[in-house]
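Take the sequence shown: its position 80, counted from the start at 1, is 937 in the numbering used here, and no numbers get skipped. What follows is one structure encoded as structure tokens, with my remarks underneath.
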Amino acid sequence: MIPRLKRFNVVGFFEAGVYEFDRNLAFANLENAQILLQMPGKISGMEIDFFDPKQSREMVRRIAIRSGGGFTVTDWTVQNPNFFRSLELTKTIIFMVLFLILAVSSFNIVSTLVMLIRQKKSSIAVMRGLGVDHVGIFKIFLSIGLLLGLVGSILGIGFGILITGQLSGIVHSLESILGVTLYQAEIYFLSELPTEIHWLEVFWIGLLAVLLSMISSIIPSYRASRLNPADVLRLNR
């Protein structure tokens, strides 16, 4: 088999940020490409881009119906099944890790409130003696737990947004300091780490963190509200 050769003038270079494209893809004039491939007046395929990649499956179905079966129509999830499955698996793992982090943070809030209640038993007893009822004590410590969760969520989200904007630079700096390659374009198919902030997901994650903090504060707050002031004052004599 003898390869077909044709001389082209290189007029420029491009960088898409996708390793596979940057390494293997070249653009040429359509007529010259048809001559090289011996396909005068014909094309071998057409690609359509969407603002929302999730629309691809529905559009594939519509195009396949309208074409009457005369064309092969596929979407990116079919052409790259392993990559698509790895993305889904990675997203699931990240969600599980995030949930575990939130759970550990909730336990930390519980332990903080328990220690605070032990330290403030005398103050709680005095407040009860001054007329503060069970509900008032409960609300005070529940508010403390909620405040801890809210402050932690705000700081965590702010730090995460800051890291996201500088992620590629941080990775390059770590590679230079450690002398190892942490991110290989040949494996991940991307020249750089892509970052995009989904504000709706950030909102729901922050809300979930605050809700878990409030829920985890219920039991310690309830125990604080049920302390017997007479017993506390007698033991502290």
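Quick reminder that beta carbons are idealized off the backbone N, C-alpha and C, glycines included.
- Taking a cut-off of 8 Å for Cβ pairs, the stretch 1052 to 1062 and the stretch 1020 to 1028 touch, as three or more such pairs fall below it.
- For glutamate 915, the uninterrupted alpha helix (DSSP H) run begins and ends at 913 to 924, by DSSP.
- When C-alpha distances from valine 1059 are compared across Leu1005, Thr929, Phe1016 and Ser924, the shortest belongs to Phe1016.
- Distances from the alpha-carbon of glycine 1006 to those of Ile958, Lys899, Phe884 and Gln895 put Ile958 closest.
- In this structure, isoleucine 1075 sits near leucine 999, with a CB-CB distance shorter than 8 Å.
- Look at the beta carbons and you see the stretch 940 to 956 not touching the stretch 983 to 993: under three pairs across the two are nearer than 8 Å.
- Across the set Ser979, Ile1014, Thr929 and Ile1001, the C-alpha of Ile1014 shows the shortest separation from the C-alpha of leucine 955.
- Under the three-state reduction of DSSP output, asparagine 881 falls in the helix class.
- Taking a C-beta distance under 8 Å as the contact criterion, glycine 1009 and serine 962 qualify as a contact pair.
- Secondary structure of valine 935 (DSSP, three-state): helix.
- Sequence-distant Cβ neighbours of lysine 996 in its own chain, meaning closer than 6 Å and more than five residues away, do not exist here.
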